[in-house]
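Chains as they are written, first to last, in my numbering: chain A, 186 to 806; chain B, 9 to 472.
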């Protein structure tokens, strides 16, 4: 071979390298994604910016839930150089041992988690990542610390915001925030460890409307983990956006007044604007200051106390307590009977005390009078006519048909099933149907005589106070209701669509006048059981109830609406172990109605008495 | 005046233009990588781009001088220059170390690295020595003497230590190969001592250098692939071990070569070529099998060590940090790159890739310009190397030819190793990318190297 030809060997070598490198570059840069992902891992950081949570207003535009600025003391382990735990402990008023313990706690608590997919404990703690060493410091606390932070590289302050409740009322409506759980983080990518989520009440139901839109900032970080510039000049960044506030239908002054009246008592006040279904106030007594459950520190301190309190302040009674309604239930019975045509508004039944006990009053010659006197035997007769319509020969089979029909009517009044209120976790109450009694007595083993106590709202019947208030609203509206709800408007968009929809009951409007007349008499005619609810300027219609309670004193219940023409407020008052409905519930109702309609209180004595009374069932630990 | 006319008309424009393009690309990349908003001017001497520009100015001034001086001088000064360089390489060993290596003469940014210039000096002396041999590199004495010329500086460089430049010195072996280097004296000495055998020359002896490199390459490839397995598209549901894959590909290549030969060779040669291909296949397969079995029979800790050296062990944040970051930067460039000054992994500011303005400068370039830019750069380098070999072969003077080959092989080594370590094909040994990397000594020495070549080439017709 000529020497000159050796150049071909050399050229071959060069070309092989050229081809090899070109194909390798093609593979790395065009085909394989691995390195793109690796580069993102290395150099790009996604920074999430949480907007402040939306504020909440009451129906008159008063800010009832807002945000307050707090500070976290953050640290990045990689940036810490030789931490003097003694000096640092002194700065934050901790012992050196506590400082070390806290570091351990963060590493284990926030860093290690159980990986479901492979069943291993994975350490998520990263030394170049920021973690809060102290959380929720006030401005005063952080200023004393921040002054000396220069001596402790790796530590810095970070601004956060937490809820603040200027009015300290309506705790059970508003709910509270708490740290998200692992499951919630896995379910919704919005949340990050240490973040907050609405735990109850409005905060929970409207979580998505309140949390706002997260801003995302892509930054290029250096090997030292410092952000050096925004990625691609911020082309992919999004701005954090706070949601427009929620406007509640609640009137915070009425709510505060209701809570004042109900202090040292157990029970509920639920007031609804009948035309809109807006809940004006919902008092659950006893209650608590919502500021007690703001932030991790407070929750850790106060939640155990509140949940152990024997008076159960955390229990939202208006939504979750199921009480027998007592005599207020008679209103619905009369309406169903008239609609079914088994009685007419003028039908009379004798007050036959041999069937069931009653107080002394003239025989009722019509629905209005029966309501006025709250005549037990009358409603026995009425409900018997509904249940036993003689559609079948067999008395038991006939009762089954009648009861299921009655049950359907009750459902149309929002009874026996959950109302779609915008606070979750409410109870449906109990309206029995044939299956229910079949389970107890056996099929065809029961008839009206077996179940007659349902006539007067006792026995198996159970309603929540919200459902009771809704009955008042339905009667005020003469036959329809809008599902009671707490949020009047999301931003400026109005309420959720379901809160614009009228729900028609199965009873026609014509049948309501006699019942309403009866309710008027209850309050405004001499000898009416609800005279304590009478007001000078306005005609109040109502119905008292006394719920027999085998465990103690009877419960006092009262539902009402006012004014009689063009009703503006419908409400239910339930006071546990307070005796007759007229004694406690009715005067409270009158104060609430007057306060709401005229923003004044005429009967100062009654108000004083109610506020100062502590009912015996409130126990102090 | 006549002289400068002649240099302009006689200069090899393709080489000069590709050289200038690389200089411009390199300068632009340094400007992007080291960009400092406080001193945005490219002349800002406080910044790396300003300094690089200054060094480029010095380089082109040197180029001007080279163009003005008669090319004859290089043969004459080759030996003194070589001696001076050796002295500098010795002196530098007594300087205070910078980054663990005693490589710098002088201080600060104006310091120089004699090792960079040692390459030119060695190239010149080697060219002079070989070109003046009456008999080419056939005798043991001449081969040893030629080797000594680059052994001495490479040993001095190794003492700095500077592994990169040491490796580059082995590029001269290819130059010697082109000039007829044969290992026959040794091989024949062994072979002919066997009674009854009398060879005049062996194929292995004359092509010892490329064979040696093929052998080394095959060994490394076998080791690299020894732990891998792959599913070939032509045999779904089967898995091959890496070495098996190599043997299969060798077999396919052999078959292709056979077909090729059938088309283009003279009938008379066919059986001989067939034998060569068959032997080649058997030998290479044998080497592959031997290396892979030998490797797997090694003790665990020995295997681990080899794997670490070859970068087979995944250790992205430890030993493999540099290469892992570099590959992330290159790979994330994508098809069209992130755009000029948009390198997020390899800019000096983000500093994920260390030395991204010097040894790893291919990273920011590839990250910014993507595959399009990378392939263009590879193409320019390959074109340049081809052009230099073309220039070499058209020289009438052996000195010029040998020098041109020296330049080609030095550039080829730098190119192959530097880009290779950016894409995971070569171990990380710090050598600059010619005309690209930041650094006064390297840019100056590469420029001088090219300018001398251009000057020699421009005067090729003056001779005789």
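For each residue, glycine too, the CB sits at the ideal point set by N, CA and C.
Please confirm whether residue 295 (chain B) has its beta-carbon closer than 8 Å to some beta-carbon of chain A.
no
Give me the subset of the segment 202-219 of chain A whose CB atoms are less than 8 Å from a CB atom of chain B, sorted by chain position.
202, 203, 205, 206, 207, 209, 210, 211, 213, 214, 215, 217 and 219
6 Å Cβ shell around residue 21 (chain B) - same chain, five flanking residues per side excluded:
none
Sorted by chain position, which residues of the same chain lie with C-beta nearer than 7 Å to residue 663 (chain A)'s C-beta, five sequence neighbours on each side aside?
694 and 697
Closest Cβ-Cβ distance between residue 401 (chain B) and chain A: below 8 Å?
yes
Whether or not the segment 206-225 of chain A and the segment 440-451 of chain B are in contact is what I'm after, with contact meaning three or more pairs of Cβ atoms, one per stretch, closer than 8 Å; do they touch?
no
Nearest to residue 338 (chain B) by alpha carbon, out of B:55, B:373, B:110 and B:222?
B:373
With DSSP collapsed to three states, give me the class of residue 453 (chain A).
When DSSP states are grouped into helix, strand and coil, residue 453 (chain A) belongs to the strand group.
Using CA coordinates, which residue listed in B:424, B:44 and B:154 is at the minimum distance from residue 435 (chain B)?
B:424
Do you know whose CA, among A:267, A:262 and A:276, lies nearest residue 289 (chain A)'s CA?
A:262
Could you tell me whether the Cβ of residue 224 (chain A) comes closer than 8 Å to any Cβ of chain B?
yes
Whether residue 161 (chain B) touches residue 97 (chain B) by CB criterion (8 Å):
yes
Considering just the uninterrupted stretch of the beta strand (DSSP E) at residue 754 (chain A), what are its terminal residues?
754-760
In chain order, what residues of the same chain have a beta carbon less than 7 Å from the beta carbon of residue 713 (chain A), not counting five sequence neighbours either side?
557, 706 and 707
Answer with buried or exposed for residue 307 (chain B), where buried requires no fewer than 16 other C-beta atoms within 10 angstroms of its C-beta.
It is exposed - the Cβ of residue 307 (chain B) has fewer than 16 other Cβ atoms within 10 Å.
CB of residue 281 (chain A) within 8 Å of CB of residue 266 (chain A), strictly:
It is not a contact, given that the beta carbons lie outside the stated cut-off.
Sub-8 Å separation of residue 774 (chain A) and residue 758 (chain A) beta-carbons:
yes
Neighbour-count burial assignment, residue 224 (chain A), 16 or more Cβ in a 10 Å radius:
buried
Got a sec, what are the start and stop residues for the alpha helix (DSSP H) residue 692 (chain A) sits in?
Note, residue 692 (chain A): premise wrong, no alpha helix (DSSP H); not H, not E.
Residue interval of the alpha helix (DSSP H) (run including residue 349 (chain A))
Segment 340-349 is the beta strand (DSSP E) holding residue 349 (chain A); no alpha helix (DSSP H) there.
CB contact check: residue 227 (chain A) to chain B, cutoff 8 Å
Output row for residue 227 (chain A): interface = yes.
Span of the alpha helix (DSSP H) around residue 647 (chain A):
Unbroken run through residue 647 (chain A): none, as it is neither H nor E.
Leaving out five residues on either side along the sequence, give the residues of the same chain with a beta carbon under 6 Å from the beta carbon of residue 365 (chain A).
376, 380 and 382
What runs of the alpha helix (DSSP H), each 4 residues or longer, lie entirely inside the segment 213-237 of chain A?
219-228
Same chain, Cβ closer than 6 Å to residue 515 (chain A), five either side skipped, listed in chain order
564
When you compare only the Cα positions, how much space is there between residue 568 (chain A) and residue 589 (chain A)?
13 Å
Classify residue 248 (chain A) as helix, strand or coil using the three-state DSSP reduction.
In this structure, residue 248 (chain A) counts as strand in the three-state DSSP scheme.
Residues of chain B with CB under 8 Å from residue 230 (chain A), in chain order?
Per Cβ cutoff of 8 Å: no residues; residue 230 (chain A) is ~11 Å from chain B at best.
Please identify the residue among A:719, A:285 and A:350 whose C-alpha is closest to the C-alpha of residue 473 (chain A).
Comparing Cα positions, the closest option is A:350.
Hey, quick one: how far does the alpha helix (DSSP H) through residue 619 (chain A) stretch, first residue to last?
619-626
Does the Cβ of residue 655 (chain A) have 16 or more other Cβ atoms within 10 Å, making it buried, or fewer, making it exposed?
By the neighbour-count rule (16 or more Cβ atoms within 10 Å), residue 655 (chain A) is buried.
Please confirm whether residue 195 (chain B) and residue 212 (chain B) have their CB atoms less than 8 Å apart.
Pairing residue 195 (chain B) with residue 212 (chain B) gives a Cβ-Cβ distance under 8 Å.
Compute the distance between the beta-carbons of residue 210 (chain A) and residue 379 (chain B), then report whether it is under 8 Å.
Less than 8 Å separates the beta-carbon of residue 210 (chain A) from that of residue 379 (chain B).
Quick one, are the C-beta atoms of residue 479 (chain A) and residue 444 (chain A) less than 8 Å apart?
no
If you count every other CB in all the chains shown that lies within 10 Å of the CB of residue 740 (chain A), and 16 or more means buried, which is it?
buried
Limits of the unbroken beta strand (DSSP E) element including residue 467 (chain A)
463-470
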